[in-house]
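The numbering of the sequence shown is the working numbering, which starts it at 1 and goes up by one.
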Amino acid sequence: MKRSIASLAAICLLLGAMVPTALGADPTRHFEKADVSTTDSSFRPYLADPDRTVTVVLQMDARPVIAAASLTGRSERQSAAKRLRAEQGKLDARIKRLGARVLDRYQYAYNGIKVRTTNAKLADLAALPGVVAVRRLPTYERSNVRGVPYVGAPTAWQTTGVTGLGQTIAVIDSGIDYTHANFGGPGTPEAYDDNDPAAVEPDSFPTAKVIAGHDFAGDDYDASGDEGSPTPAPDEDPLDCGDHGSHVSGIAAGQGVLADHSTYPGPYDASTFADPTDFVVGPGVAPDAKLIALKVFGCLGGTHLV
1 MKRSIASLAA ICLLLGAMVP TALGADPTRH FEKADVSTTD SSFRPYLADP
51 DRTVTVVLQM DARPVIAAAS LTGRSERQSA AKRLRAEQGK LDARIKRLGA
101 RVLDRYQYAY NGIKVRTTNA KLADLAALPG VVAVRRLPTY ERSNVRGVPY
151 VGAPTAWQTT GVTGLGQTIA VIDSGIDYTH ANFGGPGTPE AYDDNDPAAV
201 EPDSFPTAKV IAGHDFAGDD YDASGDEGSP TPAPDEDPLD CGDHGSHVSG
251 IAAGQGVLAD HSTYPGPYDA STFADPTDFV VGPGVAPDAK LIALKVFGCL
301 GGTHLV
């Protein structure tokens with residue numbers, strides 16, 4: 001996930017948002033300074049670009065529902081949330097006049113209004129009645145590099161030496177993309193696209209990592225018949241076409257993919273995640289384990305095959 005950008009002292013002079021006080025006034029001598037004291041400091045490096053679009057939360061002065069210990073019943077909490085929402089709604093017209101757009105409202109864990117706007121309007125939004133601060137929304141990116149360290153797997157590798165070596169994990173899901181570098185495959189789009197999912201080509205499967213498997217479904221299978229045929233068409237190739245099985249298998253026993261898109265060769269110990277940016281896909285919890293792909297889903301829809 002991206003960290004909030006710290007304020008940069010070198011551009012503090014840009015925060016004045018200086019404008020002439022009257023048409024024709026000398027701009028070098030007459031200024032009006034915008035109040036940015038209640039604006040999240042992480043925005044300040046961006047204020048030099050007034051047209052930059054940002055998503056913010058206007059923090060309101062009243063306490064959110066969860067902070068009111070006296071509200072013990074569900075109906076009381078709902079009534080309190082309704083009152084907060086009504087107060088928030090009083091700002092709608094003024095927010096719109098500023099050229100901003102209300103995206104969402106919060107009353108329970110937080111009392112705030114989510115707004116899409118430009119940097120030029122942040123000070124005006126902060127000055128609205130009842131607004132005590134303008135908060136930046138952090139941006140989160142999908143990543144599986146952080147999860148394995150979070151659950152303590154590298155510590156376990158280091159202290160016990162157990163990395164899944166000698167173990168086999170069968171994954172009952174949508175199959176496994178054994179052409180992926182996370183499972184020791186070539187890791188190229190061509191390797192996947194050129195693989196016939198209904199037949200096993202010579203020397204393609206099984207692999208050193210995905211040592212066995214079976215497709216009980218076929219790519220076109222869907223139990224409901226809405227997304228495909230309700231009749232399975234089994235074959236010997238468990239190549240994943242829905243991604244879910246590969247994701248699950250990667251969490252369990254993926255080897256990891258480095259920034260150059262090659263398979264991570266190890267070691268698996270406390271040093272593995274010393275620099276998380278080394279990986280585009282992090283190793284799984286038991287990266288030395290072997291896998292068996294039992295495909296019970298088609299590309300879309302559900303299954304009756306379990």
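Backbone N, C-alpha and C define an ideal beta-carbon position, used for all residues, glycine too.
Any C-beta of chain B under 8 Å from that of residue i
i    : result
Y264 : You won't find chain B in this structure, because it holds only one protein chain.
Residue i versus residue j - alpha carbon distance
i    : j    : result
A181 : Q158 : 24 Å
G185 : P283 : 14 Å
D226 : F297 : 14 Å
F273 : Y178 : 24 Å
V285 : V257 : 14 Å
Y192 : T263 : 16 Å
D278 : A259 : 6 Å
V162 : P189 : 33 Å
P276 : A80  : 44 Å
Q167 : G245 : 19 Å
A156 : A93  : 56 Å
T139 : G99  : 23 Å
Proximity below 8 Å, CB of residue i to CB of residue j
i    : j    : result
Q88  : A133 : no
V65  : R135 : no
D215 : D196 : no
R77  : L84  : no
D237 : A208 : no
V115 : L128 : no
G213 : P206 : yes
P154 : D269 : yes
Reduced DSSP category for residue i - H, G, I as helix; E, B as strand; rest coil
i    : result
K90  : coil
Y221 : strand
V340 : Because the chain spans 1 through 306 in this model, residue 340 falls outside it and cannot be assessed.
D260 : coil
D193 : helix
H214 : strand
K209 : coil
V200 : coil
I113 : strand
H30  : Low confidence applies here, because H30 scores a pLDDT of 39, under 50, leaving its location unreliable; read the following figure in that light. In the structure shown, H30 sits in coil (DSSP, three-state: anything other than H, G, I, E or B).
G298 : coil
L84  : helix
Contacting residues, own chain, Cβ-Cβ under 7 Å from residue i (five flanking each side not counted)
i    : result
L23  : For L23, the predicted structure reports a pLDDT of 31, less than 50, and the residue's modelled location is therefore unreliable. The matter cannot be settled from this model.
G228 : D220, Y221, D222, G298, L300 and G301
G164 : A253, A286, P287, D288 and A289
D61  : G130 and V132
Residue range of the beta strand (DSSP E) that includes residue i
i    : result
Q255 : Looking at the DSSP string, Q255 is not in any beta strand (DSSP E), and its letter there is neither H nor E.
Q107 : Premise fails: Q107 is in no beta strand (DSSP E) and is neither H nor E.
Q167 : Here Q167 belongs to no beta strand (DSSP E), and DSSP marks it neither H nor E.
L294 : K290 to K295
R136 : V131 to R136
Sequence-distant residues of the same chain with beta carbon closer than 8 Å to residue i, five excluded per side
i    : result
D51  : T118, N119 and A120
A252 : I169, V171, G284, V285, A286, A289 and L291
A217 : P232, A233, P234, K295, V296, F297, G298, T303 and L305
C241 : S174, G175, P197, D219, G298 and C299
S224 : P230, G301 and G302
L103 : T55, K114, V115 and R116
Other residues of its chain near residue i: CB distance less than 6 Å, five sequence neighbours each side excluded
i    : result
P265 : none
V131 : L58
T53  : T118
V145 : P276, F279 and G282
Host alpha helix (DSSP H) of residue i (start-end)
i    : result
G147 : G147 to Y150
A153 : A153 to T160
L122 : L122 to A126
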